[in-house]
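What follows is one structure encoded as structure tokens, with my remarks underneath.
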Amino acid sequence: MDYLTLLQVLDSTLRMSTPLLLACLAGLFSERAGIFDIGLEGKMLVAAFLSGAVAFVSGSVWIGLLAGIGGSLAMSGIHGLASITFRGNQLISGVAINFLAAGLTVLAAQSWFAQGGRTPSLTGAARFNAIELPFATALKDVPVIGPLYYELISGHTILVYVALAVVPLSWWVLFRTRFGLRLRAVGENPAAVDTAGISVVRLRFTAVAICGVLTGIAGAYMATGLQAGFIKDMTAGRGYIALAALIFAKWRPWHALTACLLFGFLQALALRPDVIESTLHIKVQVQLLDALPYILTVIILAGFVGRAIPPRAGGEPYVKER
Amino acid sequence: MTAPAIELRGISKAFGPVQANKDISLSVMPGTIHGIIGENGAGKSTLMSILYGFYKADSGVILINGKPTQIPDSQAAIRAGIGMVFQHFKLVENFTILENIVLGAEEGSLLRPSLAKARTELKRLSEEYELHVDPDALIEEIGVGMQQRVEILKALYRHADILILDEPTGVLTPAEADHLFRILANLRREGKTIILITHKLREIMDITETVSVMRRGQMTATVRTADTSPQELAELMVGRKVLLQVEKTAARPGAPVLEVENLRVVDEAGVERVKGVSFNVRAGEILGIAGVAGNGQSELLEVLGGMQHATGLLKVNGQSLDLSGLHSDGRTRRAHGVAHVPEDRQREGLIMEYSAWENAVFGYHHEQKYQKNMFLMDQAAIRADAEAKIERFDIRPPNANLSAKNFSGGNQQKIVVAREIERNPDLLLVGQPTRGVDIGAIEFIHKQIIALRDQGKAILLVSVELDEILSLSDRIAVMFDGRIMGERLPHETSPQELGLLMAGVVGKGEAA
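Shown next, in the form of structure tokens:
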């Protein structure tokens, strides 16, 4: 494999990792606060659909993005209402959101656009287009560093850079601020937070809302950055892969980046079976390559990759004891 | 005259039809320690939860330092200068001590300055009140005594002037409890007001100035500690005469029933919990195993009861029993005359959702007399059996159809004890027989255990309550860190000596 091909695969890794990373960090905020969120998938789907649809109608990708975030937030609201206010089962609420999203998006897409459950293709300002970073063209011909900067680092949509920036930001918020301390505490022992005079309900709703915003961006990126429009079931299990990455990362932001890049790399490989063939000199079925991220997900969820200790109060609704 | 630090007037609180607090009035002067005693379910915790803003009273007034104060939530309680140390600590296990102290009382939105300020403040508080802790230690890595100090520091850091402690000594060794009482005395000297909730009469007598007794949601008496006696307090609590001292005659031990040699237990995580213990229990005697919770007693009891595997030698009535777990379980142990009252009645002793009559037969349900034919059990026989037990053990309410969770702790325990004792076992294993059981039921259960001993049965008693060990046992073995630190006779030892052994300090002439 030559240098340029490698850069192309890595470039594609970055693009494939972006929705995973955003969803993973979204899950991180929610689960660190003690609310398990299996509904990342559904929220992304709703956001992808709404951003695709609204961007097409309005012609502005930014309005599309806002619509996507709004849709995802609404779903988060349902999850919060079910699992925080009414102390329901978080898994069931999440599964319900996934089903709701899978059906609703296709139904609405069909009834609005009548294109077989997809939104019309987006062009121009209705899409996030690649940004060329400063000096990218000028430095293009500098050996080694030039192509690296031009091919890999420059030339992504704004949301890719946003996703990467959210990693240190999340770390800083979680471990360097008062809000982060409280958020981590409420996921470990909500009683400690409650007796310290802080509202468990408000804190958890805030976390769920942050989760909604981030999954909203993830979904919008799917429909307006990675692709040009919404397609039925376009998230294709990325919400679950993000959850696996979250466990793999043991609920830590920087590790989440590593985990998501790994999954993104596998997805990128699936797009380039020719690269594998030329490097390994074996013919690999494309279907097997496509399945790789999911196989890794199963392996991680089955607990083969070290022991991951989730936040202690995760999944448990908080009830004041007598 | 100074106003009381806390004054309650006519506090009432009902949960549905249950009147948890009924017209309670209480007044505690600043700079004093006030004790509140009462049986489980007497309403102590509800009252304190109202003071800490967990519940809103249906009626009544709270006055702090003479001023009427509303306490709608914990934040308000903290503002009013009330600090609470719960029985089950409210600490975040994987946070440091410093982080736990700062949580909820941060200075600004960034952590670093808050932590720095707390570190300085913590140092001052530690020195002032003899509350030494390592601010950077993780909660999960420190012992319960230290965790409790963190809870007290949390309250002090929030400028609490009134400190409420709910059953603070339940999890402590005698030495740790002594340390706690020294701290409380320091706090009192500094003018803090302390409310101590406990069911241990000795603690009340030792440290409080005044004491209130609660029974069935009502405050039945408030007296000066100097003017009362443990006997009187116990009677006020239960509402009738109680025997505080267990009456028993000298043991007449016979042949060994239980023999244990070099028993070792390794848990699932690969940690050796029991590190080679040897002892025996003879017919007609009670061997008490004392120790702070978590020093291998639970595992030992589980092995003897057939719930856990181990290596070593186990003999009952001279016959070797399997320890590998391959050929043994609770049922085969029962077949060899071993009955077991497990430590945690709600998890191991009962199925909480099942009725009393079903619970009263578990473990013995396969016996021939309960079978109608090949396929069906004889419900009538099982029910009749359960009803007889309910009557003999005075289990209340006397309703065999009620599910186990609807009985009080004491009556739940009576169901388990009745089930195991009524089988007439050769060896009775008893773990924490009176944990969370009220004084009246404690007296009853103790009597049953002594009666069984007097019939010439062997009894192994595991308890973290030193008083219970001292008053029931004919011999006492103390466990620490998976080993037996020594054996004592109850009339030749003292709580202090046992406390040292429980803390791992080896006495004269004993090998480690």
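From first to last, the protein sequence lines are chains B and X. The opening position of the first sequence corresponds to residue 1 in our numbering, with each subsequent residue numbered one higher. The opening position of the second sequence corresponds to residue 1001 in our numbering, with each subsequent residue numbered one higher. No residue lacks a Cβ here, since even glycine has one placed at the ideal position from N, Cα and C.
Ignore the nearest five residues each way along the sequence and tell me which others in residue i's own chain have a CB closer than 7 angstroms to its CB.
i	result
Q1147 of chain X	F1089, L1091, I1139
P293 of chain B	I241, F263, L266, Q267
V1028 of chain X	P1004, A1005, I1006, H1034, T1193, I1195
Q1019 of chain X	G1217
R1252 of chain X	G1284
L1350 of chain X	N1359, A1404, Q1412, I1415, V1416
T1332 of chain X	G1306
Y149 of chain B	A136, L139
F113 of chain B	T119, P120
Do residue i and residue j have their C-beta atoms closer together than 7 angstroms?
i	j	result
A108 of chain B	A220 of chain B	no
G1053 of chain X	R1273 of chain X	no
A1310 of chain X	L1301 of chain X	no
L1287 of chain X	V1277 of chain X	no
G1410 of chain X	D1438 of chain X	yes
V1213 of chain X	G1440 of chain X	no
Q1432 of chain X	S1473 of chain X	no
D1166 of chain X	Q1087 of chain X	yes
A55 of chain B	L122 of chain B	yes
D1058 of chain X	K1013 of chain X	yes
Among the residues of its own chain, which have a CB less than 8 angstroms from the CB of residue i, if the five just before and after it don't count?
i	result
I217 of chain B	L22, A47, L65, G68, I69, L159, V162, A163
S154 of chain B	I131, E132, L133, A136
K1389 of chain X	A1360, I1395, I1415, A1418, R1419, E1422
Any beta carbon of chain B sitting closer than 7 angstroms to that of residue i?
i	result
G1104 of chain X	yes
S1109 of chain X	yes
E1092 of chain X	For clarity, residue 1092 of chain X is Val in the given sequence; the question names Glu instead. Closer than 7 angstroms: yes.
I1078 of chain X	yes
F1054 of chain X	yes
S1074 of chain X	yes
P1004 of chain X	no
L1008 of chain X	no
Assuming residue i contacts residue j under a Cβ cut-off of 8 angstroms, what Cβ separation, rounded to an integer in Å, is found between them?
i	j	result
L1103 of chain X	R182 of chain B	7 angstroms
L1110 of chain X	Y1157 of chain X	Incorrect: roughly 18 angstroms between the Cβ atoms, too far for contact.
L1460 of chain X	A1339 of chain X	The pair is not a contact, with the Cβ atoms about 11 angstroms apart (cut-off 8 angstroms).
G314 of chain B	G187 of chain B	6 angstroms
A223 of chain B	M234 of chain B	7 angstroms
Q110 of chain B	I35 of chain B	Not confirmed; about 32 angstroms, so no contact.
Flag residue i as yes if its beta-carbon sits less than 7 angstroms from any beta-carbon of chain X, otherwise no.
i	result
I35 of chain B	no
G197 of chain B	yes
V192 of chain B	Here residue 192 of chain B is Ala; the residue named in the question, Val, does not match the sequence. Yes - at least one Cβ of chain X is within 7 angstroms of the one on A192 of chain B.
E31 of chain B	no
K250 of chain B	no
G177 of chain B	Sequence inspection shows Thr at residue 177 of chain B; the Gly mentioned does not correspond to that position. At least one chain X Cβ lies under 7 angstroms of T177 of chain B.
L203 of chain B	no
E151 of chain B	no
K320 of chain B	yes
E316 of chain B	no
A185 of chain B	yes
G181 of chain B	The sequence shown places Leu at residue 181 of chain B, rather than the Gly named in the question. At least one chain X Cβ lies under 7 angstroms of L181 of chain B.
E277 of chain B	no
A313 of chain B	no
Using three-state DSSP, classify residue i as helix, strand or coil.
i	result
K1447 of chain X	helix
V1522 of chain X	Lying before the first or after the last residue shown, residue 1522 of chain X is absent from chain X, which here runs from 1001 to 1512.
L86 of chain B	Sequence check: residue 86 of chain B is Phe here, not Leu. F86 of chain B falls in the coil class under three-state DSSP.
D1023 of chain X	strand
D1166 of chain X	strand
H1309 of chain X	coil
G1010 of chain X	strand
N1065 of chain X	coil
H79 of chain B	helix
Q1319 of chain X	strand
T177 of chain B	strand
L1153 of chain X	helix
H1179 of chain X	helix
T224 of chain B	helix
E1510 of chain X	Because E1510 of chain X carries a pLDDT of 49, less than 50, the predicted location of this residue cannot be relied on, and the following value inherits that uncertainty. Coil, per DSSP.
Report all residues from its chain with a CB closer than 6 angstroms to the CB of residue i; omit the five preceding and five following residues, and keep chain order.
i	result
I1036 of chain X	K1044, I1197, S1212
Exercise. At a Cβ cut of 8 angstroms, what residues of the region 1455 to 1479 of chain X count as close to chain A, listed as they run along the chain?
Worked result: Absent here is chain A; the protein component of the structure consists of chains B and X.
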